[in-house]
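Number of protein chains: 2
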Amino acid sequence: MVLSDKMHTSQKELHFDLAAYLQERQTLVEVALDRSLPVIYPEKIYDAMRYSLLAGGKRLRPILCLATCELIGGTIDMAMPTACALEMIHTMSLIHDDLPAMDNDDYRRGKLTNHKVYGEDIAILAGDGLLAYAFEHVAMETKNVPNDRLLRIVAILGRAVGAAGLVGGQVVDLESEGNTAICLETLNFIHNHKTAALLEASVTSGGILAGISDVDLQRLSRYAQHIGLAFQIVDDILDITATQEELGKTAGKDLRAQKATYPSVWGLEESKSQAQSLVQKAKAQLADFGDRAKPLTAIADFITARTH
Amino acid sequence: MVLSDKMHTSQKELHFDLAAYLQERQTLVEVALDRSLPVIYPEKIYDAMRYSLLAGGKRLRPILCLATCELIGGTIDMAMPTACALEMIHTMSLIHDDLPAMDNDDYRRGKLTNHKVYGEDIAILAGDGLLAYAFEHVAMETKNVPNDRLLRIVAILGRAVGAAGLVGGQVVDLESEGNTAICLETLNFIHNHKTAALLEASVTSGGILAGISDVDLQRLSRYAQHIGLAFQIVDDILDITATQEELGKTAGKDLRAQKATYPSVWGLEESKSQAQSLVQKAKAQLADFGDRAKPLTAIADFITARTH
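Quick note, the sequences are listed as chains U and X, same order. Take the first sequence: its position 12, counted from the start at 1, is 12 in our numbering, and no numbers get skipped. All you need for our numbering is the position in the second sequence, starting with 1, plus 1000.
Encoded structure:
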């Protein structure tokens, strides 16, 4: 009996069902996001904020935050307001990036972009509203977490989205447009800031909420940096190889915008190989956590395996 | 001697030198703002953020925060990061309000608006960067304040700028454009959210940093609401009566934009009388604080006396 139980457990561990895990977490996050932002007067701005916040998506950032909090011994409840705030910040960056003055995109996640539905003025304000609300939500709604940890979360979120993070990455991205000859260093800067910074904040904030040690925080930061860059390389690859239907957004736009991408610097095969290598390095950071890190390990693999 | 001393004190009290007080505080705030945001790579975004953040202005919000903190027994040092954050948030709202998709303004504080100098894309990002940095700055730089108070500050700032504050007011303002027949209730909603909310946050945050009681917080909230509305009424009056040179921004634009204003609802004389009445009500809230409230009393008077 004991041997059989052990074998059963071992098989369960080997066959960690990521799809079911992601589906379950995604549902929890959707419910929490829906509850986080009720519609009051003036309805139009709450409608616009909710239109983009509840437009689907993988909810990767909230899920990473919840998973890391649990890995370090915390609970989903402790981390949910921060998880929602991460998605609010991510959504704000998408709304503003899609604006005519920026990437001028008409579609996002298979739906019209925010400004195509509500107008540019409301889209700008919906982004501002989501960004501001992210901080209010963390400060007001988090329960059973010491205040010093929450203040670290506020600082981490602010840094991840500001000029030292997302905004800084977007500026260099805009400056580099039309210049396909930019160096690898610049390309890395763009994506370490545009993509990896918020993924790293998702992971580190989850850990900090649960009272992570400095050593573990460094390990998980490196994990997040590696999967963040791998995520972007795969995004660049998919922009070339996937169809618009698969992506839910305009495909092939990097090429048309004459943007430097990893495939344009390395070629397609080398890009795939680099993404694989980064995922291996990310998973190596999880070694000491044992089986508890299965969700984060599986998420790392998922990044290179995804098709949209 | 005693009588003479008393008379001297009393004269000093009667002649509180607001101009000198504002000048001194403004200088402190300018120095702190300049130090708060060093220029690093990518320089363009820090330049754009600093261009608007250091473009002058009365610094009324930081000064209110410092003054209230001192009134409740706190220090300038305790309040300075929050004071700077309030100005970052205010500046962000000006940058985004001036965008072509919003009020489409070319001048602000006598200088070209942010998007006229840096382009629309950078102006949107500079606003986002300032908003995010405001929260990071409060969380990272505030010293000698208990963490629970700082988390209240984060929540107050988030609420004041989000859909429940500035953003909500701007949405109703945009919806009401071209409609000069909007009711007083709507006009009050716009300005209670666009103007008064952040002024109220300036006052209440200063008090909370210093450990204010609930009763005093209510008094000072009412003080701030009254001066906030008075401030906007005077702004509307000045838009009609002042020249562009005096204002440092485009004059007469409310009329051209067919915006409902207090003068358009009440007429000029009644608007002036309402502003005066609000200032009296604001000052009445300060009665129990005695002479320590002189700066806040003088600032209330200054609001109706100002010409720009």
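We put the beta carbon where it would ideally sit given N, CA and C, even for glycine. Quick caveat: nothing in here was measured; it's all calculated off a predicted structure.
Classification of residue i by the beta-carbon crowding that lies within 10 angstroms, buried from 16 upward
i, result
"L1296/X", "buried"
"T1027/X", "exposed"
"D1103/X", "buried"
"H1137/X", "buried"
"D219/U", "As written in the sequence, residue 219/U is Arg, which differs from the Asp given in the question. R219/U is buried by the Cβ-count criterion."
"S277/U", "exposed"
"S1010/X", "Since pLDDT at S1010/X reaches only 45, below the 50 mark, its modelled position is unreliable, and the value read off the structure follows with that caveat. Its Cβ having fewer than 16 others within 10 Å, S1010/X is exposed."
"I1045/X", "buried"
"G162/U", "buried"
"E269/U", "exposed"
"E1043/X", "exposed"
"S1036/X", "buried"
"S202/U", "buried"
"Y1041/X", "exposed"
"A284/U", "exposed"
"V215/U", "exposed"
Cβ-based neighbour list, residue i, same chain, cut-off 6 Å, excluding 5 preceding and 5 following
i, result
"I72/U", "G207, A210 and I212"
"K281/U", "H226"
"Y262/U", "I233, D236 and S271"
"G1127/X", "M1092, I1095 and H1096"
"M1080/X", "A1032"
"D5/U", "Any reading at D5/U needs caution, since the residue's pLDDT is 46, under 50, leaving its predicted position unreliable; the model's value is listed next. Closer than 6 Å at the Cβ level, and outside the excluded window around D5/U, lies no residue."
"I1122/X", "A1048"
"I1063/X", "R1025"
"I299/U", "none"
"K1116/X", "D1106"
Amino acids of chain X, ordered along the chain, whose beta-carbon sits closer than 7 Å to that of residue i
i, result
"L151/U", "A1139, N1147, L1150 and L1151"
"G162/U", "G1129, A1132, Y1133 and E1136"
"L99/U", "I1124"
"G168/U", "P1042 and I1045"
Contacts of residue i in chain X (Cβ-Cβ under 9 Å)
i, result
"M102/U", "E1120, D1121, I1124 and L1125"
"V234/U", "Here the premise fails: no neighbours, minimum Cβ distance about 25 Å."
Cα-Cα separation, residue i to residue j
i, j, result
"T1091/X", "Y1107/X", "14 Å"
"K294/U", "R59/U", "18 Å"
"P1100/X", "T186/U", "31 Å"
"Y1051/X", "G1057/X", "12 Å"
"Q23/U", "A1055/X", "49 Å"
"T1075/X", "A132/U", "27 Å"
"D1098/X", "P38/U", "29 Å"
"A1197/X", "G267/U", "53 Å"
"A1019/X", "D34/U", "50 Å"
"A1139/X", "I1156/X", "13 Å"
"V309/U", "A287/U", "There is simply no residue 309/U to check, as chain U begins at 1 and stops at 308 in what is shown."
"G1165/X", "R1061/X", "15 Å"
"P146/U", "Q274/U", "40 Å"
"Y1118/X", "A67/U", "41 Å"
"M1088/X", "A1134/X", "6 Å"
"L125/U", "L1130/X", "15 Å"
Same chain only: Cβ atoms within 8 Å of residue i, ignoring 5 sequence neighbours per side
i, result
"N1179/X", "Q1258 and A1260"
"N192/U", "G169, Q225, G228 and L229"
"E1200/X", "A1160, S1221, A1224, Q1225 and G1228"
"A1181/X", "A1260"
"V172/U", "T186, F189, I190 and H193"
"V1154/X", "F1135, V1138 and A1139"
"L1217/X", "T1204, G1207 and I1208"
One or two residues paired with residue i in a DSSP bridge
i, result
"R306/U", "In DSSP, R306/U forms no bridge with anything."
"R1108/X", "K1111/X"
Residues that residue i contacts on chain X, provided the C-beta gap is smaller than 8 Å
i, result
"P263/U", "Neighbours of P263/U on chain X: none; closest Cβ ~24 Å, over 8 Å."
Contacts that residue i makes with chain U (C-beta to C-beta distance below 7 Å)
i, result
"R1159/X", "E136"
"L1209/X", "Within chain U, no residue comes near L1209/X; the closest Cβ sits about 14 Å away, beyond 7 Å."
"A1155/X", "E136, A139 and M140"
"L1174/X", "D121"
7 Å CB neighbourhood of residue i in its chain, flanking five on each side removed
i, result
"I303/U", "I227, A230, F231, V234 and V279"
"V265/U", "L184 and L187"
"N1144/X", "M1078"
"E141/U", "P81"
"T113/U", "D98, D105, D106 and Y107"
"R1292/X", "L1071"
"I254/U", "At residue 254/U the sequence reads Asp, which differs from the Ile that was named. Excluding positions up to five away in sequence, the list reads D236, D239 and T261."
Chain-ordered chain U contacts of residue i [CB-CB under 8 Å]
i, result
"H1096/X", "I124, L125 and D128"
"V1203/X", "Result: empty, since nearest Cβ-Cβ is about 18 Å, beyond 8 Å."
"V1117/X", "Simply none; closest approach about 14 Å."
"V1171/X", "P42, K44, I45, I122 and L125"
Quick one: which residues of the region 1020–1053 of chain X get their C-beta closer than 9 Å to a C-beta of chain B? List them in chain order. This model lacks chain B altogether; the protein chains it does include are U and X.
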